[in-house]
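Structure, as structure tokens:
Put into structure tokens, the structure is as follows:
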């Protein structure tokens, strides 16, 4: 007989029904209890084979676990430290700019999950990659300080800050969650004839930030030994940094993406890596498929969950798992679960994340560390 009783969680103190335990023992509720994915051991495999099959086993069971897990975030009045302290901060070798835009004045196209995305990424960087709070800037409409409202000028200023004074060993992160669009390319540097863009909160007045601008702002300045990761959860974000190498997940190889005009889009010796939510012609989901009643960007949520459960995965394993999870969710018709996406794509919605880089590398040997 399964004996359960009301027990207080040793962490959050909320009561829940738990099996009988030894008196005085610490018990954690499902929300607080870490979700560890065991690596299956098999004596017939070598240690390297066990590691490989263990990871694949984790990948197979990840989808069944992730949809039932509600992400817990700490809500703070501001996502930034005291603005007056920025100039006096000690230099950090890890910096990040996190940008989430809800477009509150656009009722029809308002995004509800972008602030949750910024909080998820903020918590991930602090708790899993030890990025100190004074090494990050967050831009969001909810910020009281006008310097952190995600206008075009403030985003560009923050990106300039991100790469300024960078040196060997620095790790930089640019995260963006918001609308992305396309516009005709008049410079003959896009194979498909379109520039990809991100949309500041004031883009109707100040204009969009196009991929050429982002390349100039945060790719070209990267010097030897500096690594930049751009994680862009937006529609049409595939080649948003205009990087010369694009990884094709299905073919398992890199292809050249050099501008037809011959324009130089490389770094100054550093490494730039972009993780985009979808291909250039696709839309990206802002969805509640993973957390009932709470919106998140699909890429951001899955990426954060993977990096919590599987610290330091290879890029190849990371993208295999992201694609597998998105495919499973999409097959259950849960991904396009907003009125806007259903109206736009009906049952034909698909989202394929894209990896691009300033230089090709072995995706199954190189590990992701932010």
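Residue numbers (full-length UniProt numbering): 1 to 370. We put the CB at the ideal spot given by N, CA and C, even for glycine.
Suppose you measure from the CA of residue 301 to the CA of residue 240; what does that come to, to the nearest Å? By 1-based counting over the chain shown, the position of residue 301 is 301. By 1-based counting over the chain shown, the position of residue 240 is 240. Residue 301 and residue 240 have their C-alpha atoms roughly 20 Å apart.
Give a yes or no on contact between the segment 193–208 and the segment 253–267, applying the rule of three or more CB pairs nearer than 8 Å. Segment contact: the segment 193–208 against the segment 253–267, fewer than three CB-CB distances shorter than 8 Å; contact not assigned.
Does the CB of residue 250 have a neighbour CB from chain D at under 8 Å? Absence of chain D from the displayed structure is noted, only one protein chain being present.
Which residue or residues does DSSP assign as beta-bridge partners of residue 195? If you number the chain shown from 1, residue 195 lands on position 195. The bridge partners DSSP lists for residue 195 are 183.
Ranges of the beta strand (DSSP E) found wholly within the segment 204–273, counting only runs of at least 3: List check, beta strand (DSSP E) in window: 227–233, 245–248 and 253–256.
What three-state label does DSSP hand residue 125 in the structure shown? Here the question's residue 125 lines up with position 125 in the chain shown. Here residue 125 sits in helix by DSSP.
Can at least three beta-carbon pairs, one atom from the segment 122–131 and one from the segment 293–311, be found at a separation below 8 Å? Touching, yes, given that three or more Cβ pairs across the two stretches are closer than 8 Å.
Where does residue 102 sit, in a helix, a strand or coil, going by DSSP? Position 102 of the chain shown, counted from the first residue, corresponds to residue 102. Residue state, collapsed to three classes: coil.
Residue 283 to residue 100 span [Cα, whole Å]: Here residue 283 refers to the residue found at position 283 when the chain shown is read from its first residue. Here residue 100 refers to the residue found at position 100 when the chain shown is read from its first residue. If you draw a straight line from the Cα of residue 283 to the Cα of residue 100, it comes to about 17 Å.
Member of 200, 128 and 177 whose CA lies at the smallest distance from the CA of residue 154: Within the chain shown, residue 154 is the residue found at index 154, counting from 1. Minimum Cα-Cα distance from residue 154 among the listed residues 200, 128 and 177 corresponds to 200.
Using DSSP with H/G/I as helix, E/B as strand and the rest coil, what is residue 329? If you number the chain shown from 1, residue 329 lands on position 329. Residue state, collapsed to three classes: helix.
Out of 165, 260, 203 and 214, point me to the one whose CA is closest to residue 192's CA. As a working mapping, residue 192 is identified with position 192 in the chain shown. For the options 165, 260, 203 and 214, the alpha carbon positioned closest to that of residue 192 is the one of 260.
Tell me whether residue 315 is buried or exposed, calling it buried when 16 or more other Cβ atoms sit within 10 Å of its Cβ. By one-based count along the chain shown, residue 315 stands at place 315. Buried is the label assigned to residue 315, since at least 16 other Cβ atoms lie within 10 Å of its Cβ.
Going along the chain, which residues of its own chain have a beta-carbon closer than 6 Å to the beta-carbon of residue 221, five neighbours each way excluded? As a working note, residue 221 is residue 221 in the chain shown. Closer than 6 Å at the Cβ level, and outside the excluded window around residue 221, lie 163.
Which word fits residue 268, buried or exposed, when buried means at least 16 other C-beta atoms lie within 10 angstroms of its C-beta? Here residue 268 refers to the residue found at position 268 when the chain shown is read from its first residue. That one is exposed.
Straight-line gap, residue 75 to residue 186 (C-alpha atoms, nearest Å): Position 75 of the chain shown, counted from the start, is the residue given in the question as residue 75. Position 186 of the chain shown, counted from the start, is the residue given in the question as residue 186. Any answer about residue 75 is weak, because its pLDDT of 37 lies below 50 and its placement is not dependable; what the coordinates show is given next. Cα-Cα distance, rounded: 43 Å.
Measure the C-alpha to C-alpha separation of residue 367 and residue 318 and round it to an integer number of angstroms. Numbered from 1 along the chain shown, position 367 holds the residue referred to as residue 367. Numbered from 1 along the chain shown, position 318 holds the residue referred to as residue 318. Those two C-alpha atoms are separated by around 9 Å.
Within the same chain, show all residues whose beta-carbon is closer than 6 Å to that of residue 168, passing over the 5 residues directly before and after it, in chain order. Walking along the chain shown from the start, residue 168 turns up at place 168. Taken in chain order, the residues that qualify are 225.
For the alpha helix (DSSP H) containing residue 303, name the first residue and the last one. Here residue 303 corresponds to residue number 303 of the chain shown, with the count starting at 1. Start and end: 298–309.
Residue 153 - DSSP class collapsed to helix/strand/coil: Position 153 of the chain shown holds residue 153. DSSP, read as helix, strand or coil, puts residue 153 in helix.
Could you tell me whether the Cβ atoms of residue 277 and residue 237 are closer together than 8 Å? To locate residue 277, count along the chain shown from 1; it is residue 277. To locate residue 237, count along the chain shown from 1; it is residue 237. Taking the C-beta atoms as reference points, residue 237 is found nearer than 8 Å to residue 277.
With residue 173 as the anchor, note down where its beta strand (DSSP E) starts and where it stops. Working through the chain shown from its first residue, we reach residue 173 at position 173. Run containing residue 173: 171–177, per the beta strand (DSSP E) assignment.
To the nearest angstrom, how far is the alpha carbon of residue 95 from that of residue 112? By one-based count along the chain shown, residue 95 stands at place 95. By one-based count along the chain shown, residue 112 stands at place 112. If I take the Cα positions, the gap works out to 26 Å.
With the cut-off set at 8 Å, would you say residue 180 and residue 223 are in Cβ contact? Sequence index remark: in the chain shown, residue 180 carries index 180 (1-based). Sequence index remark: in the chain shown, residue 223 carries index 223 (1-based). Taking 8 Å as the Cβ cut-off, residue 180 and residue 223 do not qualify as a contacting pair.
Going by the CB atoms, is the gap between residue 243 and residue 288 shorter than 8 Å? On the chain shown, position 288 is the one that residue 288 refers to. On the chain shown, position 243 is the one that residue 243 refers to. Taking the C-beta atoms as reference points, residue 243 is found no nearer than 8 Å to residue 288.
Residue 354: first and last residue of the uninterrupted beta strand (DSSP E) it sits in: For this step, residue 354 is matched to residue 354 along the chain shown. 354–357 is the extent of the beta strand (DSSP E) around residue 354.
Assuming residue 370 and residue 171 make a contact with CB atoms under 8 Å, what is their CB distance in whole Å? Counting from one through the chain shown, the residue named residue 370 turns up at place 370. Counting from one through the chain shown, the residue named residue 171 turns up at place 171. Rounded to the nearest angstrom, the Cβ distance from residue 370 to residue 171 is 6 Å, consistent with a contact under 8 Å.
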